[in-house]
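Heads up, the thing below is written out as structure tokens.
There are 2 protein chains.
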Amino acid sequence: MDPGPLNVGLLLFIPYRELEERVFAAVQDAGYSDITLPQARLFQRISANGSRITDLANRVYVTKQTASVLVNSLESNGYVRRMPDPLDARASLVIADARGLAAAAVAAAEIQRIEAEWRKALGTARYERLVRDLDELAKHTNRPQ
Amino acid sequence: MDPGPLNVGLLLFIPYRELEERVFAAVQDAGYSDITLPQARLFQRISANGSRITDLANRVYVTKQTASVLVNSLESNGYVRRMPDPLDARASLVIADARGLAAAAVAAAEIQRIEAEWRKALGTARYERLVRDLDELAKHTNRPQ
DNA sequence: TAATATTAGTTCGTTACACTGACCATATGC
DNA sequence: GCATATGGTCAGTGTAACGAACTAATATTA
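Residue numbers (my numbering), protein chains in the order written: chain A, 7 to 151; chain B, 7 to 151.
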């Protein structure tokens, strides 16, 4: 049952998905059980000063229709709110609301825990280097981040 | 519109998803338009000597019911076939079929192209090091790979 | 400044996906 | 031999994904 050598995509995917799974479980266990994984994936891409639907859609790789639906759900449950974009009356800015900020704190704490594990597994220097290289690679993609 | 500093999860996600998107588009453009992204994600985890539904479900992070549905679709379109598992009469092995192998070749070619770009962007030594470190990190997760 | 084209976002309708629960068949342990 | 665990499917439901069509506001250009 040897799956064969893993390509780069899978090598990126495996730790990514492991982290996501653990963080999402931590958030759920902390009482935020009315958020789904696709909603959480969108939520974490919202910037502190608010993000437009279209930007979120691009970051998450979904259509703006889908992003709109996800934001509606998040809004219904108090994770985010919409505010008018002062620069463009067509647009609105999605911004984290109280419940969203509280959930984000739980997520951040779990990420810290996982990073500590990974540092231990690879050694601090090697881990820090990995993060820097990933950052460089992410910059190289021409996506809106 | 500064999204703030990106956590490790996102740093892994961004290049992963970029690669996936490009590979999937290449496969579609090559005429394999009857495969969906979730199906392709499962397909690429099938080992050369066949994989069980349960193993695929674990690798892809879906339930075995979902994996079963995805395999059915892939089977209908000639990407995979099921064969009985000689070691366990309850199980069956999912294995790539002709159309699946042809599509996989297209995917592999596109991955090579992307890796060449990434090597160029980071420098060969740094890129090879990154891949090794990712491999180490993937090994550290206790998931079935 | 009036006509035209773009862009931001929503609504509608449809399909695929993902989950839980329940179930059958085979294996395994005592 | 009987209880229990495991591999897989079936049924039912809700969410998420898409394309197409639409409204409203902004840019563009004549």
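Backbone N, C-alpha and C fix where the C-beta goes; we use that ideal spot for every residue, glycine too.
Everything numeric in this text was worked out from a predicted model, so none of it was measured.
- When Cβ-Cβ separations below 9 Å define contact, proline 21/B makes contact with chain A.
- Taking 9 Å as the CB threshold, alanine 114/B lines the interface with chain A.
- Take the alpha-carbon of proline 92/B and the one of alanine 109/A: they are about 48 Å apart.
- Note on geometry: alpha-carbon atoms of proline 11/B and arginine 51/A lie some 11 Å from one another.
- Counting along the chain, isoleucine 52/A sits inside no beta strand (DSSP E), nor does DSSP assign it H or E at all.
- Excluding residues up to 5 positions away in sequence, Asp91, Ala97, Ser98, Leu99 and Val100 lie with their Cβ nearer than 8 Å to the Cβ of arginine 58/B in the same chain.
- Alanine 73/A and valine 86/A have their C-alpha atoms some 13 Å from each other.
- About 27 Å separates the CB atoms of glutamate 26/B and glycine 106/A; that is not less than 8 Å, and the two are not in contact.
- Contacts between alanine 46/B and chain A, judged by CB atoms closer than 9 Å, are missing: the closest CB pair is about 11 Å apart.
- For tyrosine 67/A, the C-beta contacts it makes with chain B under 8 Å involve Arg23 and Glu27, in order along the chain.
- Residue contact with chain B for alanine 127/A: present (Cβ-Cβ distance below 9 Å to some residue of chain B).
- Counting only Cβ-Cβ distances below 9 Å, aspartate 141/B has contacts in chain A at Leu12 and Leu17, in chain order.
- Judged by DSSP in its simplified three-state form, leucine 99/B adopts strand.
- Residues of the stretch 61-86 of chain B that bring their beta carbon within less than 8 Å of a beta carbon in chain A comprise Asp61, Arg65 and Tyr67, in sequence order.
- Take the alpha-carbon of alanine 102/A and the one of asparagine 83/A: they are about 12 Å apart.
- DSSP places valine 77/A in the helix class (H, G or I) of the three-state scheme.
- Close partners of arginine 132/B in chain A (Cβ separation under 7 Å): Asp139.
- Under DSSP, arginine 23/B takes part in no beta bridge, so it has no partner.
- Residue pairing by DSSP places arginine 88/B opposite Val100/B in a beta bridge.
- Here aspartate 35/A is exposed, its C-beta having fewer than 16 other C-beta atoms within 10 Å.
- Residue range 130-146 is occupied by the alpha helix (DSSP H) that includes tyrosine 133/B.
- When secondary structure is reduced to three states using DSSP, serine 57/B falls in the strand class.
- Under the Cβ criterion of 9 Å, threonine 42/A is not counted among the residues facing chain B.
- Interface with chain A (9 Å Cβ-Cβ cutoff): glutamine 34/B is excluded.
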